[in-house]
Amino acid sequence: MADSERSRPAWAARLREQRRDRCWSQRELARRLVQSADEDIRRTLPTRESIVRLIKSYEAGRHRPRDPYRVLYCRVFGVAEAELFATEDAPSTSLTPSRPPLPIVSARSVAPTVIELLFAACTDSTLDGFAQERLPESKFVVDALDGGAMDRRTAMQLLTLLGAGALVPPNAVDEILSEVDRAIGDREGYDLGDWERIAWEYSFRTNTGPLGALVGDLTADIAEIGRLLDRTTSPSGRTGLLRVTVSLAQTLSGEFTHVHATSQARRAQRTARRAADASGDRDLRVAVRAADAWNSFALGQPSQVILRLLDDAVQISDGVPSVALARTYAARATVLAARSAEEGDAGEAARTALRDLREVWDRLPDRDTKDEFTYWGFSERAMRFTEAEVFALLGDSREAMRAADQAYALYSPALVHGRANLRLIQSYSLVRERDVSDGLDHALTSVQGLPVTPYRRLIVGRVVEALPERARTLPAARELRALVAAS
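8 is the number of the first residue of the sequence shown in the working numbering; add one for each residue after it.
1) Compute the Euclidean distance between the alpha carbons of R49 and V41, then round it to the nearest angstrom.
2) Can you tell me whether DSSP reads V78 as helix, strand or coil?
3) Report the CB separation of A421 from T215 in whole angstroms; it is logged as a contact under 8 angstroms.
4) Can you say whether D28 is buried or exposed, counting buried as having 16 or more other CB atoms within 10 angstroms of its CB?
5) One question on the structure: do R212 and L218 come within less than 8 angstroms of each other, judged by their Cβ atoms?
6) Indicate whether V467 and L431 have their beta-carbon atoms separated by less than 8 angstroms.
7) In the DSSP assignment, find the unbroken alpha helix (DSSP H) run with F392 in it and report its ends.
8) Just to check my reading of the structure: L291 and E262 have Cβ atoms closer than 8 angstroms, yes? What is that Cβ distance to the nearest angstrom?
9) Within the 8 angstroms Cβ cut-off, does T381 reach chain D?
10) Count the other CB atoms within 10 Å of the CB of Q201; is the residue buried (16 or more) or exposed (fewer)?
11) State the CB to CB distance for the pair A279 and V293, rounded to an integer number of angstroms; the pair is presumed to be in contact (CB under 8 angstroms).
12) Just to confirm my understanding: we take R495, look at its own chain, exclude 5 residues before and 5 after, and list those with CB closer than 6 angstroms. What are they?
13) Less than 8 angstroms separating the beta-carbons of F385 and V330?
14) Would you decide whether V312 is buried or exposed? Buried here means 16 or more other CB atoms lie within 10 Å of its CB.
15) Here's the rule: buried if 16 or more other CB atoms are within 10 angstroms of the residue's CB, otherwise exposed. What is E231?
16) Is the distance from the Cβ of Y336 to the Cβ of L364 below 8 angstroms?
17) Go ahead and pull the three-state DSSP assignment for K63.
18) Considering only the beta carbon of each residue, do L317 and A333 sit closer than 8 angstroms?
19) S254 and A298 look like a contact to me (Cβ under 8 angstroms); what is the Cβ gap, rounded to whole Å?
20) Between the alpha carbons of A275 and S404, how many angstroms are there, rounded?
21) Would A489 and L474 be called neighbours here (beta carbons separated by less than 8 angstroms)?
22) R479: which of S453, S444 and H449 sits nearest, CA to CA?
23) Taking all protein chains shown into account, decide if S434 is buried (16 or more other Cβ within 10 angstroms of its Cβ) or exposed.
24) Could you please give the first and the last residue of the uninterrupted alpha helix (DSSP H) stretch that includes T335?
25) Just verifying my parser: in three-state terms, what is the DSSP assignment at S32?
26) What first and last residue would you give for the alpha helix (DSSP H) that runs through T278?
27) In angstroms, rounded to a whole number, what distance separates the CA positions of D74 and S57?
28) Ends of the alpha helix (DSSP H) at S243?
29) Are A305 and L465 close, meaning C-beta to C-beta below 8 angstroms?
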């Protein structure tokens, strides 16, 4: 740490962190300070440039703010004066939640044969009408699929195959307990409500926990769902289990995408789509295509391929408002805006998709718009995030910053990944407005300490591409490229 950082007073560091967390330049903060002042106070304030110099002095710790600036700071940041300007000697910490380094559980540690086996349990012998997949011709696979249950010997083979230190699904233990259940007399029964709650919980955890950490548990539960599908004959029971399969496989595909396990992500996505089509549930069929399109966008697939997926989703929806259709239009607006940024057109198609999204969102019930954490809701925060990204890509920085401010205010501290992505979008807008120093600074702050997902890498790439030619050799720009390349 530099000497200047160690000597910076805690309150000065907090002022700087509060500004950076909102992705505001010092000039933008100066504007907001003036705007928050009462009319009488506003007349007494110096020029905007003078206030910018004061902000720099405050953040460096050279001068401590006095009234009216103390009051204005508290108004703008929404933080009590006693907290914002506390004089404790302990190292300063931001009043906004910090972003601790999160462990990454590598999906590559799962042997491909095991992944194929787990998906096979849901696809090859249990989903009516599905095409047969060719599996490795090993006794391990035959043993596991024979009779739809995993016996002790097969469980031990699974653990051996995974190896020490790899992701070990707990289904071996589950199978032992299942044998006891069958001995007691529980041969056919299962609680669909429990499985639906489990699927909902995974959807919540994937948005709030370490990326990739759910792979082992998800694959184990998918294998169990496959076994249940294999022995369930009632139409209503199969439909319910297919819905759970879609949710689990969709979440697993997202987890694999986050950790750059592309082939496994696509395999899980195929399972989700086939299960959705087998269920006959219209909204579920739309949802998996919207998710497939978004994952494809994050992985850098051509826009033509993604838009075909989205067109298919819109056609299946038949225009009926749903969370799935909202996600479809959100993905369409973002993809079209990204293409507009690359080709330099006016982006009218993206704005049309954004209007379609707003119309659908306005017609969603409260239970859907108030679901902040799972894939089965589309909250106001998600709406504002989409607006921020689309407007940023279209070069409308004022609207992008407005939407980003609204989204940031709605973010739960638990959603560390979404908050980081939002800050990167703001960084992109700052760079496009030629506020290069603050834009690079915000981008670096956003990616440090967090894994660089494919989507995050995509946004960082946009930030670097938006830099003026002479700025691409700046130390901060080189550091940003190195951080992303090393991830």
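Glycine included, each C-beta is placed from N, C-alpha and C at the ideal position.
On the basis of the data shown:
1) Position 42 of the sequence shown, counted from the first residue, corresponds to residue 49. Position 34 of the sequence shown, counted from the first residue, corresponds to residue 41. Each residue's CA atom was taken as its position, placing R49 and V41 some 6 angstroms apart.
2) Within the sequence shown, residue 78 is the residue found at index 71, counting from 1. In the structure shown, V78 sits in a helix (DSSP, three-state: H, G or I).
3) Mapped onto the sequence shown, residue 421 falls at position 414. Mapped onto the sequence shown, residue 215 falls at position 208. About 4 angstroms; that satisfies the 8 angstroms criterion.
4) Locating residue 28 in the sequence shown gives position 21, where the first residue counts as 1. Under this definition D28 is a buried residue.
5) The residue labelled residue 212 in the question sits at position 205 within the sequence shown. The residue labelled residue 218 in the question sits at position 211 within the sequence shown. Against a cut-off of 8 angstroms, the Cβ pair of L218 and R212 comes out as no contact.
6) Here residue 467 corresponds to residue number 460 of the sequence shown, with the count starting at 1. Here residue 431 corresponds to residue number 424 of the sequence shown, with the count starting at 1. Yes, the pair counts as a contact, with Cβ atoms nearer than the cut-off.
7) The residue you call residue 392 lines up with position 385 of the sequence shown. Segment E387 to L400, the alpha helix (DSSP H) holding F392.
8) Residue 291 sits at position 284 when you count from the first residue of the sequence shown. Residue 262 sits at position 255 when you count from the first residue of the sequence shown. At roughly 19 angstroms, the Cβ-Cβ gap does not stay under 8 angstroms, so L291 and E262 are not in contact.
9) The structure shown contains no chain D; it is built from a single protein chain.
10) For this step, residue 201 is matched to residue 194 along the sequence shown. Sequence check: residue 201 is Asp here, not Gln. D201 should be labelled exposed.
11) Here residue 279 is taken as the residue at index 272 of the sequence shown, counted from 1. Here residue 293 is taken as the residue at index 286 of the sequence shown, counted from 1. Actually they do not touch by this definition, with Cβ atoms about 12 angstroms apart.
12) Not covered by the structure: residue 495. The range shown for the chain is 8 to 494.
13) Against the sequence shown, residue 385 aligns to sequence position 378. Against the sequence shown, residue 330 aligns to sequence position 323. Cβ distance < 8 angstroms, so F385 and V330 count as in contact.
14) For the purposes of this step, residue 312 is taken as the residue at position 305 of the sequence shown. Counting Cβ neighbours within 10 Å, V312 comes out exposed, since fewer than 16 surround it.
15) Here residue 231 refers to the residue found at position 224 when the sequence shown is read from its first residue. By the neighbour-count rule (16 or more Cβ atoms within 10 Å), E231 is buried.
16) Counting from 1 along the sequence shown, the entry for residue 336 is found at position 329. Counting from 1 along the sequence shown, the entry for residue 364 is found at position 357. Cβ distance < 8 angstroms, so Y336 and L364 count as in contact.
17) Here residue 63 refers to the residue found at position 56 of the sequence shown. Reduced to three states, the DSSP call for K63 is helix.
18) In the sequence shown, counting from the first residue as 1, residue 317 sits at position 310. In the sequence shown, counting from the first residue as 1, residue 333 sits at position 326. With a cutoff of 8 angstroms on beta-carbon distance, L317 and A333 are scored as not near each other.
19) Position 247 of the sequence shown, counted from the first residue, corresponds to residue 254. Position 291 of the sequence shown, counted from the first residue, corresponds to residue 298. Contact flag wrong, Cβ pair sits at about 11 angstroms.
20) Position 268 of the sequence shown holds residue 275. Position 397 of the sequence shown holds residue 404. A275 and S404: Cα-Cα distance of roughly 37 angstroms.
21) Within the sequence shown, residue 489 is the residue found at index 482, counting from 1. Within the sequence shown, residue 474 is the residue found at index 467, counting from 1. No.
22) For the purposes of this step, residue 479 is taken as residue 472 along the sequence shown, with counting starting at 1. Cα-wise, what sits closest to R479 is S444.
23) Here residue 434 refers to the residue found at position 427 when the sequence shown is read from its first residue. Within a 10 Å sphere around the beta-carbon of S434 sit 16 or more other beta-carbons, which makes this residue buried.
24) In the sequence shown, counting from the first residue as 1, residue 335 sits at position 328. V330 to E350 is the span of the alpha helix (DSSP H), which, as asked, contains T335.
25) Along the sequence shown, read from residue 1 onward, the residue named residue 32 stands at position 25. DSSP places S32 in coil when its eight states are reduced to three.
26) On the sequence shown, residue 278 is found 271 positions in, with the first residue counted as 1. Note, T278: alpha helix (DSSP H), T269 to S286.
27) To locate residue 74, count along the sequence shown from 1; it is residue 67. To locate residue 57, count along the sequence shown from 1; it is residue 50. If you take the alpha carbons of D74 and S57, they lie about 16 angstroms apart.
28) In the sequence shown, residue 243 corresponds to position 236, counting from 1. P242 to H265 is the span of the alpha helix (DSSP H), which, as asked, contains S243.
29) Position 298 of the sequence shown, counting from 1, holds the residue named residue 305. Position 458 of the sequence shown, counting from 1, holds the residue named residue 465. Cβ atoms of A305 and L465: closer than 8 angstroms.
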